[in-house]
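Okay, so here's the structure we're looking at.
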Amino acid sequence: MQILDGKQTSEQIRQEIAAQVRKIKEQGGKTPHLAAVLVGHDGASETYVANKVRDCEEVGFESTVVRLPDTVSEQELLDRIAELNENDAIDGFIVQLPVPRHIDEHKVTLAIDPAKDVDGFCPANVGNMCLGLPTYVSATPNGIMELLSRYEIETEGKNCVVLGRSNIVGTPMAILLSRNTAPGNCTVTLLHSRSRDIAAHCRAADILIAAIGRPNYVGADMVKPGAVVIDVGITRIADDSRKSGFRLVGDVDFEAVSDKCSFITPVPGGVGPMTRASLLQNTLKACQRKS
Ligand code: GUN
C-alpha cells in the first residue's frame, strides 16, 4: 500500500505557485489577491479561513478577510459581494460556507461574478465544468484530480464509486472522472443516502472516493483488494488529549482498509491540504486570466 501524500504534494504545488508569483512580480505584474468573506464565528470556518490566509502569505499572494456578524442581513451580504465583484484589486474571492440559516446560500453563489468565483460553486462555473469548458473546478475535486494525476494513477476504464452526492464534492467528482480526460474515462457510480447495496457497489470499485462525512464508515469489507481509496471525510471528534480538543476522522477506517488497498489518502494529510492548494491554483488562474 502506498500513501497518497497530500501534505507533500500540496507543498510541491505551493512551491510551484510561489515561483510563478515571484516571476510575475519581477515582471511588474499584479500580485494575486484572494478575499474571503466570513460570516459569524463558526470554529471550523474560522480555522479554514485562517489557513487560507496563511497559504496566501506562503506563496506571496495578498489576502483580505471580510468579517461580517452572524446577524448580517442577506441584502448586506449580497451588497458586500457586489463590492468585491467590482473591486479590481481582488482577483478572486470566496464566501465561506455555511452561512447563517436566514441567508439563502444559493443566492450567495449566484451573486458572485463567475470570473472571480475561485471556489467554482456558481452555476456558470459548474455548467462549464460539466461541458469541459474553461472554468474554476471546486477545490476538493480539483485537488483529488491533481493527486491522481501526480501519482500517475491509471483511471481509464476503471470502475469508480463516489460515495456522497454533495454539490461541492461528490457530484463534480463523478462528472470529472467520467469525462474524456486524463485523469478520467472512468465508469462512475454515484452513491447516496437512497442507494441500495452500498457495500456491494463499493466492493466493485477500482477507485473509491468517500465523501459522506461519516467517521470510519468504509470498512475493509467494503474495499476491493488493490483499490485506490480516497477519503474526503474530515469530521471533528472531541478528544481531550489534544490541545485543540478534537481530532479529525475520515470516512474510511484507515487501519482496517490500508492493508487491503493499493493507494490511500490519510486523514489528516491527504485530501485536505490538496483542497487548500487548489484554491491557490484557482486564484492564480483568476489573476492571470485578467492580464
Ligand atoms: N466550507 C467548507 N468547505 C468550503 C469551501 O471549499 N469553500 C467555501 N466557500 N466554504 C466551505
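Mind the numbering: the sequence shown is residues 0 to 290 in numbering that gives the first Met the number 0, read in order.
C-beta: ideal position from N, C-alpha, C; glycine also.
If we count the other Cβ atoms within 10 Å of its Cβ and call it buried at 16 or more, is residue i buried or exposed?
i: residue 179; result: exposed
i: residue 142; result: buried
i: residue 119; result: buried
i: residue 32; result: buried
i: residue 95; result: buried
i: residue 130; result: exposed
i: residue 100; result: exposed
i: residue 0; result: exposed
i: residue 70; result: exposed
i: residue 126; result: exposed
i: residue 68; result: exposed
i: residue 79; result: buried
i: residue 272; result: buried
i: residue 240; result: exposed
i: residue 289; result: exposed
i: residue 223; result: buried
i: residue 46; result: exposed
Counting only the same chain and skipping the five closest in sequence on each side, list residues whose C-beta sits under 7 Å from that of residue i.
i: residue 139; result: 167, 168, 231, 270 and 274
i: residue 10; result: none
i: residue 44; result: 37 and 95
i: residue 282; result: 31, 33, 60, 90, 91 and 117
i: residue 124; result: 113, 116, 134 and 135
i: residue 102; result: 73 and 76
Under 8 Å by Cβ, that's how I've got residue i and residue j pegged, so tell me the actual separation to the nearest angstrom.
i: residue 24; j: residue 30; result: 6 Å
i: residue 291; j: residue 111; result: This structure cannot speak to residue 291, because the chain is shown only from 0 to 290.
i: residue 38; j: residue 52; result: The Cβ separation is near 16 Å, so there is no contact.
i: residue 171; j: residue 137; result: 6 Å
i: residue 219; j: residue 255; result: 4 Å
i: residue 307; j: residue 121; result: The question about residue 307 has no answer, for the chain in this structure spans 0 to 290.
i: residue 191; j: residue 160; result: At roughly 11 Å, the Cβ-Cβ gap does not stay under 8 Å, so residue 191 and residue 160 are not in contact.
i: residue 146; j: residue 247; result: The Cβ separation is near 18 Å, so there is no contact.
i: residue 5; j: residue 188; result: Going by Cβ atoms, the distance from residue 5 to residue 188 rounds to 24 Å, so no, they are not a contact pair.
I'd like the list of long-range same chain contacts for residue i, defined as Cβ closer than 8 Å, with 5 residues on each side in sequence excluded.
i: residue 226; result: 204, 205, 206, 207, 259, 260 and 261
i: residue 209; result: 162, 163, 216, 217, 228, 229, 230, 231, 232, 249, 250 and 251
i: residue 244; result: 237 and 238
i: residue 181; result: 148, 154 and 155
i: residue 106; result: 73 and 77
i: residue 13; result: 54, 57, 58, 276 and 279
i: residue 285; result: 31, 90, 91, 114, 115, 117 and 135
i: residue 50; result: 275
i: residue 19; result: 283
i: residue 81; result: 110
i: residue 291; result: Beyond the ends of the chain as shown, which are 0 and 290, falls residue 291; an answer cannot be given.
i: residue 62; result: 32, 33, 34, 35, 51, 52, 55 and 56
Apart from the five residues on each side of it in sequence, which residues of its chain come closer than 6 Å, Cβ to Cβ, to residue i?
i: residue 75; result: none
i: residue 158; result: 186, 203, 204 and 205
i: residue 17; result: 58 and 59
i: residue 291; result: Nothing about residue 291 can be reported from this structure: the residues present for the chain run from 0 to 290 only.
Next on the checklist: Runs of 3 residues minimum, wholly inside the region 189 to 229: which ones carry the beta strand (DSSP E) assignment?
Outcome noted: Listed in chain order, the beta strand (DSSP E) runs fully inside the region 189 to 229 are 206 to 209, counting runs of at least 3 residues.
Next on the checklist: Which runs of the beta strand (DSSP E) at least 3 residues long sit entirely within the region 10 to 52? Give them in chain order.
Outcome noted: For the region 10 to 52, the full-length beta strand (DSSP E) segments reaching 3 residues or more read 32 to 38 along the chain.
Checklist entry - Whole beta strand (DSSP E) runs in the region 109 to 180 with 3 or more residues, listed along the chain? => result Qualifying beta strand (DSSP E) stretches, in chain order: 158 to 162.
Next on the checklist: Under 8 Å: do the region 185 to 204 and the region 233 to 243 share three or more Cβ pairs, one atom per stretch?
Outcome noted: At 8 Å Cβ cutoff, the stretches do not touch.
Checklist entry - Along the chain, which unbroken stretches of the beta strand (DSSP E) at least 3 residues long are found entirely within the region 242 to 276? => result Fully enclosed beta strand (DSSP E) runs of 3 or longer: 245 to 248.
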